[in-house]
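Step one of this worksheet: look at the structure below.
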């Protein structure tokens, strides 16, 4: 069954708690201090039915942080306005908070209607419609009730149930995440936390991670709607009993998640929207209070511009004074440091990359456009589909939908890229190889590792790009060396003589196979020089480099291939001993030769033996 969380909001003493009690029969003021003072200080919870939970939040200005904590996970907002007072300061502030946190539906309730006449109520309704323009409440129905006489309560209750049943809420992540809004210790049970499941699911016995501390704990027990269950899912209001955890670690503002799935950072790239009703402006480097999830965190704002005026929007960098667990596209509220007032709202654009302030304006707010921008920025180190799904906190199915929308491509190894980026990198690779080789014998190739390092390419991406250029007949790639296809080398007379000398040494070796060390000894040449000349001989098809230590003459290698072809015409499997007999090689040389044959498709391993590889099927 789909669970719906409803949150109250409104000015102090506008009848929120009385309204919840009239709807549910539960008085959510449970603290002694709350009862004595007649105001809600902390969050209170009541159940309308098995599907619907109501969170009663405080209205007093001093307890706005508690109000935001309660509002961070609700689906439907109940904006409560007393008929005798009408719109008040906290009405505006709470309206801005609910609208900022992107609730799905807003419902407006005028309470205490028995104390005023209809003409006054009409004036209140007129004021309400003015402040709700361009918000989620703009088209919401306005209910008129009195909690003491229960006038209008049944109509409101039935409407809430009908609206809740009509909502279709989808979990687009599948990774478990929960904001903690209450922490307490129960004798015989230990640490208990409560919250609404933002995504994914969790079961009794599962291990979870507590953020930002990155401490693991085990879920000892699970409750929802006051009853023991084995599993809770996205949208559920839940209480989790955690074992093997210090109570001091847990607090309102903690995030529980699947281990290793959520970024912990104190650096966020965000988009800020100033409230139309505030008199504040946000200045560069201004200190503010950030309400993210159920946490309140002090932060400094870095802007590309001088300031953000009321009603205006701008990208910014948030430098948090303490780390938090955060995912992309999380919504938050900004309050001034002192005196405290809700002045802006925001959305997290990036929590994984650091950029210069001058580039802030480039980052789109739209999720699809932002994915396109971020993929383009990673032209040299593309990420996989899985990595993008984790960054955006979306399932792979959801991220693939967005990748398709922006017409990005995916390699066989799941790297995501744009064709323009690929072509640009290809151009850079060819240019780099040309500049480094420059028709010079001793710089006739580029090592793959050097290419990756100098062009700042990831390993998988470098291989993909180079292999593409090989297929396009622009490069050759063999034994870790990259060369320009058909590039002429300038070889002087001495070098040519040394090449011939090496060729003769290899041809005169037993079975025309020799180790590189032996070749260096017999030639009495510099080892690196010998290695370079062997590669030239390999390019000229005079030798075959079996491994970095063993070289065979080309005709000796061809003879072995011919013998293998004959062997496989009558036999299915080739043992190591059979290959030694066939090739007349020692075990020291036979094993590397077999490994070379495996890599190049002449043979295929079959347990300890080999069978015929695709090379022979193509003959």
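Residue numbers (my numbering): 5 to 623.
Cβ atoms here follow ideal geometry from the backbone N, Cα and C, with glycine treated the same way.
As the structure is a computational prediction, the values presented were derived from the model and not from experiment.
Check: Where residue 10 and residue 226 are concerned, what is the direct C-alpha to C-alpha distance, given to the nearest angstrom?
Finding: Looking at the two C-alpha atoms, the distance is approximately 21 Å.
Check: Near residue 146, what residues of its chain come up, given a Cβ to Cβ distance below 7 Å and the 5 sequence neighbours on each side ignored?
Finding: These residues qualify, in order along the chain: 112, 114, 129, 132.
Next item on the list: Give every residue of the same chain whose Cβ lies closer than 7 Å to the Cβ of residue 403, excluding the five residues on either side of it in the sequence, and list them in chain order.
Entry: Closer than 7 Å at Cβ, skipping near neighbours: 389, 392, 393, 396.
Next item on the list: May I have the straight-line CA-CA distance separating residue 223 from residue 208, to the nearest angstrom?
Entry: Rounded to the nearest angstrom, the two C-alpha atoms are 5 Å apart.
Next item on the list: Could you pull out every unbroken beta strand (DSSP E) segment of at least 3 residues lying fully inside the stretch 305 to 386, listed in chain order?
Entry: You should have 317 to 330, 335 to 340, 346 to 354.
Next item on the list: Express the C-alpha separation of residue 458 and residue 431 in angstroms, rounding to a whole number.
Entry: Using only the alpha carbons, I get a separation of about 14 Å.
Item checked: Distance CB(residue 196)-CB(residue 189) smaller than 9 Å -> In this structure, residue 196 places its C-beta atom within 9 Å of the C-beta atom of residue 189.
Check: By DSSP, does residue 215 sit in helix, in strand, or in coil?
Finding: Correct three-state label for residue 215: strand.
Check: Where do the N-terminal and C-terminal ends of the beta strand (DSSP E) with residue 482 fall, by residue?
Finding: Where residue 482 is concerned, the enclosing beta strand (DSSP E) stretches over 479 to 482.
Next item on the list: Keeping to the same chain, check which residues put their C-beta closer than 7 Å to that of residue 236; ignore five residues upstream and five downstream.
Entry: So the qualifying residues of the chain are 201, 205, 206, 226, 228, 242.
Notebook entry, point to check: Distance, Cα to Cα, residue 193 vs residue 187?
Noted result: Rounded to the nearest angstrom, the two C-alpha atoms are 13 Å apart.
Margin query: Residues in the same chain with beta-carbon distance under 7 Å from residue 88, minus the five sequence neighbours each way, listed in chain order, please.
Written below: 116, 119, 120, listed in sequence order.
Next item on the list: List the DSSP bridge partners of residue 268.
Entry: 329, per the DSSP bridge assignment.
Note to self: By alpha-carbon positions, which one of 557, 608, 560 ends up nearest to residue 578?
What the structure shows: Taking residue 578 as reference, the option from 557, 608, 560 with the minimal CA-CA separation is 608.
Margin query: For a test of the three-state rule: what should DSSP assign to residue 154, helix, strand or coil?
Written below: Judged by DSSP in its simplified three-state form, residue 154 adopts coil rather than helix or strand.
Checklist line | Simplified DSSP assignment, three categories, for residue 11 | finding: Annotated three-state conformation of residue 11 is strand, per DSSP.
Check: Whose C-alpha, out of 260, 385, 362, 350, is nearest the C-alpha of residue 329?
Finding: It is 260.
Item checked: CB-CB length for residue 254 against residue 184, believed under 8 Å -> Right, the Cβ-Cβ distance comes to about 7 Å (below 8 Å), so this counts as a contact.
Notebook entry, point to check: By how many angstroms is the C-alpha of residue 351 removed from the C-alpha of residue 472?
Noted result: Each residue's alpha carbon lies about 40 Å from the other.
Checklist line | Other residues of its chain near residue 176: CB distance less than 8 Å, five sequence neighbours each side excluded | finding: The answer, listed in chain order, is 203, 398, 399, 402.
Next item on the list: Starting from residue 584, trace the alpha helix (DSSP H) both ways and give me its first and last residue.
Entry: Counted as a single uninterrupted DSSP element, the alpha helix (DSSP H) harbouring residue 584 occupies residues 580 to 587.
Checklist line | Sub-9 Å separation of residue 50 and residue 29 beta-carbons | finding: Going by C-beta atoms, residue 50 is nearer than 9 Å to residue 29.
Next item on the list: Quick one: residues in its chain with C-beta nearer than 7 Å to the C-beta of residue 412, no 5 flanking neighbours on either side, listed in chain order?
Entry: Same-chain partners within the cutoff: 379, 420, 421, 422.
Item checked: Where the beta strand (DSSP E) through residue 291 begins and ends -> Its beta strand (DSSP E) spans residues 290 to 296.
Note to self: For residue 384 and residue 86, what's the separation of their Cα atoms in angstroms?
What the structure shows: Taking the Cα positions, residue 384 is about 59 Å away from residue 86.
Notebook entry, point to check: In chain order, what residues of the same chain lie with their CB nearer than 8 Å to the CB of residue 280, ignoring the 5 residues before and after it?
Noted result: Within the same chain, and ignoring the five residues on either side of residue 280 in sequence, the residues whose Cβ sits closer than 8 Å to its Cβ are 314, 315.
Checklist line | For residue 619 and residue 515, the rounded distance between their alpha carbons | finding: Going from the Cα of residue 515 to the Cα of residue 619 covers about 23 Å.
Item checked: Identified DSSP bridge partners for residue 176 -> Residue 176 is not bridged to any residue.
Check: Since residue 502 and residue 529 are thought to touch, with beta carbons under 8 Å apart, how far apart are those beta carbons, to the nearest angstrom?
Finding: A Cβ-Cβ distance of about 6 Å is found for the pair residue 502 and residue 529, placing them in contact under the 8 Å criterion.
Checklist line | Cβ pair count under 8 Å reaching 3, the stretch 149 to 163 against the stretch 17 to 24 | finding: Of all C-beta pairs linking the stretch 149 to 163 to the stretch 17 to 24, three or more are shorter than 8 Å, placing the two stretches in contact.
Next item on the list: Tell me the start and end of each unbroken alpha helix (DSSP H) in the stretch 410 to 487 that is at least 4 residues and wholly inside, in chain order.
Entry: For the stretch 410 to 487, whole alpha helix (DSSP H) runs of length 4 or above, ordered along the chain, are 423 to 441, 452 to 459, 463 to 475.
Margin query: Taking the straight line between their C-alpha atoms, what separation do you get for residue 564 and residue 489?
Written below: The straight-line gap from Cα to Cα measures roughly 28 Å.
Notebook entry, point to check: Around the C-beta of residue 266, are 16 or more other C-beta atoms found within 10 angstroms, so that it is buried, or is it exposed?
Noted result: Counting of Cβ neighbours within 10 angstroms places residue 266 among the buried residues, the total reaching 16 or more.
Item checked: Three-state class that DSSP yields for residue 210 in the structure shown -> DSSP, reduced to helix, strand and coil, places residue 210 outside both helices and strands of the structure shown, so it counts as coil.
Checklist line | Residue burial classification, residue 349 (beta-carbon count within 10 angstroms, cutoff 16) | finding: Buried, because 16 or more other Cβ atoms sit within 10 Å of the Cβ of residue 349.
Check: Roughly how far, in whole angstroms, is the beta-carbon of residue 322 from the beta-carbon of residue 303, given that I think they are within contact range, below 8 Å?
Finding: With a Cβ gap of about 5 Å, residue 322 and residue 303 count as contacting.
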